[in-house]
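Trainee: Structure incoming, see below.
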């Protein structure tokens with residue numbers, strides 16, 4: 001990644017400020033503004049279909065016990081929701097997840113994504129996506145789901161499904177059409193644009209993707225500029241990304257950030273959360289994630305999972321970050 005002396009000094013100054021603050025990791029209290037962990041802004045990604053750590057209700061209550069108020073979940077447009085073209089949709093899993101989050105007092109951000117296997121690569125996919133999925137889902141859950149995110153990482157080759165080409169221009173067309181449908185059904189709903197993959201990945205290509213989306217008129221169709229950040233104290237976040245966010249004039253949420261492996265999650269959280277906060281001043285920062293894995297029985301080893309907890313090998317393992325949030 002490109003770096004210069006100015007950006008190096010920016011992040012070096014932040015590191016010095018963070019290192020010099022008097023912090024108590026038990027409480028999260030610090031004496032330096034740079035070192036403040038913005039606990040009130042913290043949300044988390046969750047996969048309530050993954051039942052390894054308990055049912056949806058148990059998971060949502062546990063998340064709430066961590067002092068977290070915001071949850072980001074997928075309402076999967078998949079073969080379970082609609083088995084084939086023209087078949088009746090099943091809201092069973094959506095109902096379970098939303099009722100559980102609602103009962104736990106969590107503010108829900110729902111991702112409208114992806115498309116089922118039978119629709120992938122089909123020319124008329126967008127009409128089906130909007131009319132058979134977006135319209136009925138938003139109509140059913142408006143008021144209960146406060147925020148709607150249109151797709152996830154459309155630049156990611158794994159999120160194109162034979163219907164998107166990965167460009168900001170291509171995604172913008174989907175955003176415009178989907179936003180109009182949501183606004184018509186749920187005028188008070190908050191519309192969150194999809195983020196590119198980690199904003200500092202591949203040099204500045206993801207930042208340029210984001211800039212292009214903004215330049216196309218993002219603010220006319222979305223309420224929230226969305227950022228994903230998977231990195232350490234990267235200089236670009238506090239310089240060029242910060243400038244781009246400020247120039248957009250939009251509200252900002254970071255809907256994914258996290259660290260792979262239980263051993264490093266607490267130290268990542270303690271340094272990166274203040275850095276994101278001071279660099280971007282987002283309204284919310286969503287950790288990735290509670291339990292990793294979208295499949296019902298999926299587990300990931302503690303040393304490679306992004307999850308705060310895992311049930312790998314039938315043994316419950318909690319990261320030090322999970323313990324910190326639980327006990328603070």
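In UniProt numbering, the protein residues as written are 1 to 328.
All C-beta atoms, glycine included, are put in the ideal place defined by N, C-alpha and C.
(1) Who are the Cβ neighbours of residue 206 in its own chain at under 8 Å, not counting the five residues just before and after it?
(2) For residue 49 versus residue 298, is the C-beta spacing smaller than 7 Å?
(3) Starting from the C-beta of residue 293, find all residues in its chain whose C-beta is less than 8 Å away, skip the five residues before and the five after it, and write them out in chain order.
(4) Which of helix, strand or coil does DSSP assign to residue 208?
(5) Please state whether the Cβ-Cβ distance between residue 60 and residue 106 is less than 7 Å.
(6) Whole angstroms are fine: how far does the CA of residue 323 sit from the CA of residue 259?
(7) Where do the N-terminal and C-terminal ends of the alpha helix (DSSP H) with residue 61 fall, by residue?
(8) Three-state secondary structure (DSSP) at residue 78?
(9) Assign residue 117 to one of two classes, buried (16 or more other C-beta atoms within 10 Å of its C-beta) or exposed (fewer than that).
(10) Hey, how far is the Cα of residue 183 from the Cα of residue 276?
(11) Mind checking who residue 100 pairs with in its DSSP beta bridge?
(12) Indicate whether residue 97 and residue 57 have their beta-carbon atoms separated by less than 7 Å.
(13) If residue 159 and residue 222 are in contact, beta carbons under 8 Å, what's the gap, nearest whole angstrom?
(14) Going by DSSP, what residues sit across from residue 310 in a beta bridge?
(15) Comparing C-alpha positions only, which one of 265, 290, 67 sits nearest to residue 39?
(16) Just to confirm, is the Cβ distance from residue 226 to residue 192 under 7 Å?
(17) If I follow the unbroken beta strand (DSSP E) through residue 226, where does it start and stop?
(18) Would you call the region 306-320 in contact with the region 81-91, where contact means no fewer than 3 C-beta pairs closer than 8 Å?
(19) What's the C-alpha gap between residue 241 and residue 280?
(20) First and last residue of the alpha helix (DSSP H) that includes residue 173?
(21) Output yes or no for whether 7 Å exceeds the beta carbon distance between residue 144 and residue 102.
(22) What residue ranges within the region 99-152 form continuous alpha helix (DSSP H) runs of no fewer than 4 residues, ordered along the chain?
(23) So residue 262 and residue 167 are in contact, right, with Cβ under 8 Å, and what is the actual spacing, rounded?
(24) Per DSSP, which residues does residue 254 bridge with? Please list them.
Mentor: Let me spell this out:
(1) Cβ contact annotation for residue 206 (same chain, cutoff 8 Å, sequence separation greater than five): 155, 196, 197, 198, 199, 200, in chain order.
(2) One thing to note: residue 49 has its Cβ no nearer than 7 Å to the Cβ of residue 298.
(3) Closer than 8 Å at Cβ, skipping near neighbours: 47, 50, 52, 299, 300, 307.
(4) For residue 208, the three-state secondary structure derived from DSSP is helix.
(5) In this structure, residue 60 sits near residue 106, with a CB-CB distance shorter than 7 Å.
(6) Cα to Cα, residue 259 sits roughly 16 Å from residue 323.
(7) Counting along the chain, the alpha helix (DSSP H) containing residue 61 begins and ends at 56-65.
(8) It is coil, neither helix nor strand.
(9) Classification for residue 117: exposed.
(10) Cα-Cα distance, rounded: 30 Å.
(11) DSSP, once it has assigned bridges, lists no residue as partnering residue 100.
(12) Not closer than 7 Å, so no.
(13) That belief does not hold up - the Cβ atoms of residue 159 and residue 222 are roughly 17 Å apart, past 8 Å.
(14) Beta-bridge pairing links residue 310 to 317.
(15) Here the closest residue by C-alpha is 67.
(16) Yes; because the gap between Cβ atoms is below 7 Å, this pair is in contact.
(17) Start and end: 224-228.
(18) The way I'd put it, the region 306-320 doesn't touch the region 81-91; fewer than three beta-carbon pairs between them come closer than 8 Å.
(19) One C-alpha to the other measures close to 8 Å.
(20) 168-185 is the span of the alpha helix (DSSP H), which, as asked, contains residue 173.
(21) Cβ atoms of residue 144 and residue 102: closer than 7 Å.
(22) Taken in chain order, the whole alpha helix (DSSP H) runs of length 4 or more contained in the region 99-152 are 125-128, 135-141.
(23) At roughly 37 Å, the Cβ-Cβ gap does not stay under 8 Å, so residue 262 and residue 167 are not in contact.
(24) Per DSSP, the beta-bridge partners of residue 254 are 227, 285.
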